[in-house]
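If you want this note's numbering, it's the 1-based position in the sequence shown plus 6.
Structure first, commentary second.
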Amino acid sequence: RASARESMSVATYNALLNVMAKAALLGEAQKVVASMVAAGVVPDVITWNTVMHAVANEAATGRVSGVQAGLEVLAQMRAAGVRPDTQTYNTFLRACTASSWGRGTDRVTAQGTWVT
């Protein structure tokens, strides 16, 4: 009888990664990918896009650099032989601007006005 970990599919791992991404838990998402690979499950473009979502969400908190973390995910993705798609790049751009947008809006809303 196979253990639960051995019987998990790429879709199951991707669902778990989605939870990590929504919670902005990039480190945990990276551990899930490592566990996935160790179990012999091959990450697909959805896997990597979900990790990129974790980057963007964590960058929005200011805990990581969206640029640096996003570039690392792109490098890991390419090293795994997975080709980035439009969603990958759009999410990467969101990650790159996430923390700077947050700081800018904090500064503007602290003054009680929006600059257009």
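Quick reminder that beta carbons are idealized off the backbone N, C-alpha and C, glycines included.
Since this is a predicted model, take the numbers as computed values, not measurements.
Separation of residue j from residue i, as counted between CA atoms
| i | j | result |
| --- | --- | --- |
| alanine 66 | lysine 28 | 12 Å |
| asparagine 55 | alanine 44 | 20 Å |
| alanine 60 | leucine 32 | 5 Å |
Where residue i sits in the DSSP three-state scheme
| i | result |
| --- | --- |
| valine 57 | helix |
| leucine 41 | Per the sequence presented here, residue 41 reads as serine, with leucine not at that position. If DSSP states are grouped into helix, strand and coil, serine 41 belongs with the helices. |
| alanine 127 | Residue 127 falls outside the range modelled here, since the chain spans only 7 to 122, and no answer is possible. |
| alanine 62 | helix |
| leucine 31 | coil |
| valine 51 | helix |
Extent of the continuous alpha helix (DSSP H) run through residue i
| i | result |
| --- | --- |
| leucine 23 | 16–28 |
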